[in-house]
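>
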Amino acid sequence: MKVEEIFQVYKDNIMPTYNKVPLIFVKGKGSRLWDINSKVYLDFFPGWGVGNLGHCHPKVMQGVRDQISKLIFIPNNYYHPFQARLAKELIYCSFPGKVFFANSGAEANEGAIKLARKFGASTNDQGRYEIITFENAFHGRTLATLAATGQKKYQSGFEPMPEGFKQVKFNDFAAVNQAITSKTVAIMLELIQGEGGVNVATGDFVKGLRKICDEKKLLLIIDEVQTGLGRTGKMFCYQNYGVTPDILTLAKALGGGLPIGVLIAKKEVSDLLTPGMHASTFGGGPVICKAALGVLRAIQKEKLLKNCQAMGGYLLEKLNILKSSYAIIKEVRGMGLMWGLELSIEGKHIVQKCQESGLLINCTHDKVLRLMPALNITKHECDKAVRILEVALKECA
């Protein structure tokens, strides 16, 4: 198909649910993407964190090739070895508990919400079902996860939202404490609010949440759909805070480019979901589990956590130099290889200028540029990205 024909087919046949960028990509390797005209781009925002290993990582591709000709699908009332291996690996990397496999972050968060409500029903005759979430949070696009999402712009037009969610100010422990009632069953948060503007939870805030959950027998649900699998320099972001959640959700990076969602719950609550209560037809299939095992193997064997820490520090240093040179950068914030640059102007023109020069980044909340390169990014690639970004800043300042 020719370029204009592809654009027209999208216009005629695909629902307009995305703000489309007029780029057609046909090949990817590492942190590089090739468009239909063979132009090469440096990808510093690979799929909202899906591409923690970049594009088409050899260990992921090997897993897919090994499995694709043997068994693609098996329903979840049967066993298969790679789901077992992946569950065991995830528990080994996180905390003692059990795993539920789904297809996306929204699905994983739906499962967490259902499990929390089941927990509430099992511990109180009247039933506890309310979950405290946070302003500027993002937990998914289904109705329940939209209700948990603390951003009205995503909820608009889909009201009424399902009940049972309270949003309070992020990093405000007093607001959380005030919101807790006899109906409260859980507190749910992202440790770094990606879609919310790369807002980072403070250590005291997270430790306070863990303490109050223990005291009041609430569940602490941590959504690591975007921060999980090495993005912040640890396998999971919660490990930077010295706390352990009761429920952890993962997605994006775990599949290496293929769709997967995971819910991990401590053993004290995991067995509350019994046969028939929850399911996901395609969750944890043979091909995706083999790919995810490749992701975990690559992170471990290639020492990508260490590289994330080193390159994250290097990139932060470069971004702070830009901040000192350009007054339009108000703040640089983030962790590991997840950085946001809050601007005093709208960022869309800077994103466009970078794109024209072969660098792919993102802008959220109108004024926050987001950079989330692959964990195996190099100094050379960081330098190139910063050079392009600096030219764009200069032209737009």
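Residue numbers for the sequence shown follow this note's numbering, so the first one is 93 and each next one is one higher.
Idealized CB from N, CA, C, for every residue including glycine.
Which residues bound the beta strand (DSSP E) around Ala278?
Residue 278 sits at position 186 when you count from the first residue of the sequence shown. Ala278 -> beta strand (DSSP E) spans Thr276 to Leu281.
> Measure the alpha-carbon distance for Asn111 versus Asp306 and round it to whole angstroms.
Numbered from its first residue, the sequence shown carries residue 111 at position 19. Numbered from its first residue, the sequence shown carries residue 306 at position 214. Using only the alpha carbons, I get a separation of about 43 angstroms.
> Using the Cβ count rule (16 or more neighbours within 10 Å means buried), how would you classify Gly439?
Here residue 439 refers to the residue found at position 347 when the sequence shown is read from its first residue. By the 10 Å Cβ count, Gly439 comes out buried.
> Between which two residues does the beta strand (DSSP E) carrying Thr470 extend?
Indexing the sequence shown from 1 puts residue 470 at position 378. That residue, Thr470, is in no beta strand (DSSP E); it is neither H nor E in DSSP.
> Less than 8 angstroms separating the beta-carbons of Gly122 and Gly349?
Along the sequence shown, one-based indexing puts residue 122 at 30. Along the sequence shown, one-based indexing puts residue 349 at 257. No. Outside cutoff.
> For the alpha helix (DSSP H) containing Asn269, name the first residue and the last one.
Within the sequence shown, the letter at position 177 stands for residue 269. Phe265 to Ala271 is the span of the alpha helix (DSSP H), which, as asked, contains Asn269.
> For the segment 163-177 and the segment 389-403, state whether three or more C-beta atom pairs, one from each stretch, are separated by less than 8 angstroms.
Not touching, per the Cβ criterion.
> With 16 as the cutoff for other CB atoms within 10 Å, does Pro337 come out buried or exposed?
Mapped onto the sequence shown, residue 337 falls at position 245. Its Cβ being crowded by 16 or more others within 10 Å, Pro337 is buried.
> Contact check, Phe297 vs Asn332 under 8 angstroms by CB: the rounded distance?
In the sequence shown, counting from the first residue as 1, residue 297 sits at position 205. In the sequence shown, counting from the first residue as 1, residue 332 sits at position 240. About 13 angstroms separates the two Cβ atoms, so there is no contact after all.
> Do the segment 200-208 and the segment 339-347 meet, that is, are 3 or more Cβ pairs less than 8 angstroms apart?
These segments touch.
> Considering only the alpha carbon of each residue, which of Ala266, Gly249 and Glu316 lies closest to Leu281?
Looking up residue 281 in the sequence shown gives position 189. Out of Ala266, Gly249 and Glu316, Glu316 has the C-alpha closest to the C-alpha of Leu281.
> Within this structure, are the beta carbons of Glu287 and Thr456 separated by less than 8 angstroms?
Working through the sequence shown from its first residue, we reach residue 287 at position 195. Working through the sequence shown from its first residue, we reach residue 456 at position 364. In this structure, Thr456 lies closer than 8 angstroms to Glu287 by Cβ.
> For Glu482, which three-state DSSP category applies?
Along the sequence shown, one-based indexing puts residue 482 at 390. Correct three-state label for Glu482: helix.
> From which residue to which residue does the alpha helix (DSSP H) around Gly197 run?
Numbered from 1 along the sequence shown, position 105 holds the residue referred to as residue 197. Looking at the DSSP string, the run of the alpha helix (DSSP H) that includes Gly197 is Gly197 to Thr215.
> Taking the alpha-carbon of Met430 as reference, which of Phe328, Phe374, Val361 and Met369 has the nearest alpha-carbon?
The sequence position of residue 430 within the sequence shown is 338, counting from 1. That would be Phe328, whose Cα lies nearest to the Cα of Met430.
> Output the boundary residues of the beta strand (DSSP E) element that contains Asn105.
Along the sequence shown, one-based indexing puts residue 105 at 13. Run containing Asn105: none in the beta strand (DSSP E); it sits in the alpha helix (DSSP H), Val95 to Asn105.
> In three-state DSSP terms, what is Asp127?
In the sequence shown, counting from the first residue as 1, residue 127 sits at position 35. Strand at Asp127.
> Could you compute how far the alpha carbon of Val118 sits from the alpha carbon of Ala278?
Locating residue 118 in the sequence shown gives position 26, where the first residue counts as 1. Locating residue 278 in the sequence shown gives position 186, where the first residue counts as 1. The alpha-carbon atoms of Val118 and Ala278 are separated by roughly 44 angstroms.
> Closest to Leu283 by C-alpha separation, out of Leu235, Lys275 and Tyr330, would be which residue?
In the sequence shown, the residue the question calls residue 283 occupies position 191. That would be Tyr330, whose Cα lies nearest to the Cα of Leu283.
> Near Lys415, which residues of its chain fall below 7 angstroms by C-beta distance, leaving aside the five closest residues on each side in sequence?
Taking the sequence shown and counting its residues from 1, the one referred to as residue 415 is at position 323. Excluding positions up to five away in sequence, the list reads Ile421 and Val424.
> Indicate whether the contact test is met: 3 or more Cβ pairs, each with one atom in the segment 374-382 and one in the segment 146-161, closer than 8 angstroms.
Touching, per the Cβ criterion.
> Under a three-way DSSP split, which group does Leu385 fall into?
The sequence position of residue 385 within the sequence shown is 293, counting from 1. Here Leu385 sits in helix by DSSP.
> Kindly list the residues whose CB is nearer than 7 angstroms to the CB of Ser214, restricted to its own chain and excluding five residues on each side of it in sequence; keep chain order.
Looking up residue 214 in the sequence shown gives position 122. If we look at Ser214 and ignore the five residues flanking it on each side, its Cβ neighbours are Leu364.
> What are the start and end residues of the alpha helix (DSSP H) that includes Phe262?
Locating residue 262 in the sequence shown gives position 170, where the first residue counts as 1. Run containing Phe262: none; DSSP gives neither H nor E here.
> Given this structure, state the Cα-to-Cα distance separating Leu321 from Leu346, to the nearest angstrom.
Counting from one through the sequence shown, the residue named residue 321 turns up at place 229. Counting from one through the sequence shown, the residue named residue 346 turns up at place 254. Roughly 7 angstroms separates the two Cα atoms.
> Pop quiz: Ile469 and Gly450 are said to be a contact at Cβ under 8 angstroms. What is the actual Cβ separation, rounded to whole angstroms?
Reading the sequence shown from its first residue, position 377 is the one you call residue 469. Reading the sequence shown from its first residue, position 358 is the one you call residue 450. Ile469 to Gly450, Cβ: 15 angstroms. No contact.
> For Lys326, which residues from the same chain have a beta carbon less than 6 angstroms from its beta carbon, with the 5 sequence-adjacent residues on both sides left out?
Here residue 326 refers to the residue found at position 234 when the sequence shown is read from its first residue. Result list for Lys326: Asn332, in chain order.
> For Phe230 versus Asn454, is the C-beta spacing smaller than 8 angstroms?
Working through the sequence shown from its first residue, we reach residue 230 at position 138. Working through the sequence shown from its first residue, we reach residue 454 at position 362. Not a contact, by the Cβ cut-off of 8 angstroms.
> By Cβ distance, which residues of its chain are closer than 8 angstroms to Ile166, with the 5 residues on each side in sequence left out?
Position 74 of the sequence shown holds residue 166. Excluding residues within five positions, the ones whose Cβ falls inside 8 angstroms are His172, Gly377 and Pro378.
> When you compare the CB positions of Thr276 and Leu310, do they come within less than 8 angstroms of one another, or not?
Position 184 of the sequence shown, counted from the first residue, corresponds to residue 276. Position 218 of the sequence shown, counted from the first residue, corresponds to residue 310. Going by C-beta atoms, Thr276 is nearer than 8 angstroms to Leu310.
> Relative to the C-alpha of Ser196, which residue among Asp104, Phe99, Ile352 and Lys245 is closest?
Within the sequence shown, numbered from 1, the residue matching residue 196 stands at position 104. Taking only the C-alpha atoms, the option nearest Ser196 is Ile352.
> Do Pro188 and Lys459 have their CB atoms nearer than 8 angstroms?
Counted from its first residue, the sequence shown places residue 188 at position 96. Counted from its first residue, the sequence shown places residue 459 at position 367. No, the Cβ-Cβ distance between Pro188 and Lys459 is not below 8 angstroms.
> Measuring only the C-alpha atoms, how far is Met427 from Leu238?
For this step, residue 427 is matched to residue 335 along the sequence shown. For this step, residue 238 is matched to residue 146 along the sequence shown. About 26 angstroms.
> Report the rounded CA-to-CA distance for Pro254 versus Val335, giving the unit in angstroms.
As a working mapping, residue 254 is identified with position 162 in the sequence shown. As a working mapping, residue 335 is identified with position 243 in the sequence shown. Spanning the two alpha carbons is a distance of roughly 30 angstroms.
> Is DSSP giving Phe297 helix, strand or coil here?
Counting from 1 along the sequence shown, the entry for residue 297 is found at position 205. Residue state, collapsed to three classes: helix.
> Could you spell out where the beta strand (DSSP E) holding Glu434 opens and where it closes?
As a working note, residue 434 is residue 342 in the sequence shown. Met430 to Leu435 is the extent of the beta strand (DSSP E) around Glu434.
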